[in-house]
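Since the structure comes first, as structure tokens, the remarks are kept for the end.
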Amino acid sequence: MITRNKWMAIVPSLIAQLFLLACGGTDQNAGSESDNRSKAITSAVQHAEKKTEVSPADLTNKGVGPIKAFKPGSINAQLVNEGSELFTVKCAMCHKMDRKIVGPPLKGVTSRHSPEWVLNMLLAPDKMIAEDPAAKALYEHYQTPMINQQLTEEEAKAIYDYLRKN
């Protein structure tokens, strides 16, 4: 007859053995399944890296929104400071300059898109995602729509100067 103390010693050991068996055991095919999983993960990562490569610059697309024409002057230090503060409050939760968080990294965005496109994306992201091919492609890739932060044109221009500077 097994006493209670023996059960207390046997049960944890049985649970541990069952756990080890469930995690792969000694099946000869386990190595090949693991290799297949590893290859699939590597392939998916490589595919994702290809998809995140910077798309070619399209400075002719002005986007869809309130900004029809905008010719930026020289970078304004005061606007850069205002843009930095606005970026921290309104954008940094989803964007970094050099890496993806929720949305795409923004380093070089002003050299890949026209000033009008960037401003329209800041001012009317919903309309851009619905009607602009480049914005649609970004949405399809990141699977998260950019939130409309209800920026004024002046605030958007300050963020634009901040993005140009960085």
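Going letter by letter, the sequence shown gives residues -24 to -1, 1 to 142 in mature numbering (1 follows the signal peptide of the UniProt record, and there is no 0).
Idealized CB from N, CA, C, for every residue including glycine.
As the structure is a computational prediction, the values presented were derived from the model and not from experiment.
query: Locate the alpha helix (DSSP H) running through residue 85, then write down its first and last residues.; result: 85 to 88
query: Inspect the beta-carbon positions of residue 55 and residue 94 and report whether they are closer than 8 Å.; result: no
query: Between which two residues does the alpha helix (DSSP H) carrying residue 112 extend?; result: 109 to 118
query: Could you please give me the residues that DSSP links to residue 34 through a beta bridge?; result: 89
query: Taking only the alpha-carbon atoms, compute the straight-line gap between residue 34 and residue 89 and give it to the nearest angstrom.; result: 5 Å
query: Do residue 40 and residue 137 count as a contact pair if the criterion is CB distance below 8 Å?; result: no
query: Which first and last residues belong to the alpha helix (DSSP H) in which residue 57 is found?; result: 53 to 62
query: Anyone know if the C-beta pair for residue 45 and residue 92 falls short of 8 Å?; result: yes
query: Please look up how many angstroms separate the CB atoms of residue 101 and residue 80, rounded, as I've assumed it's under 8 Å.; result: That belief does not hold up - the Cβ atoms of residue 101 and residue 80 are roughly 13 Å apart, past 8 Å.
query: Which term fits residue 51, buried or exposed, when burial requires 16 or more other beta carbons within 10 angstroms of its beta carbon?; result: exposed
query: Among 125, 118, 130, which one has its Cα closest to the Cα of residue 75?; result: 118
query: Mark residue 97 as exposed unless 16 or more other C-beta atoms lie within 10 angstroms of its C-beta, in which case mark it buried.; result: buried
query: Please work out which residues of its chain come closer than 6 Å, Cβ to Cβ, to residue 48, disregarding the five sequence neighbours upstream and downstream, and give them in chain order.; result: 91
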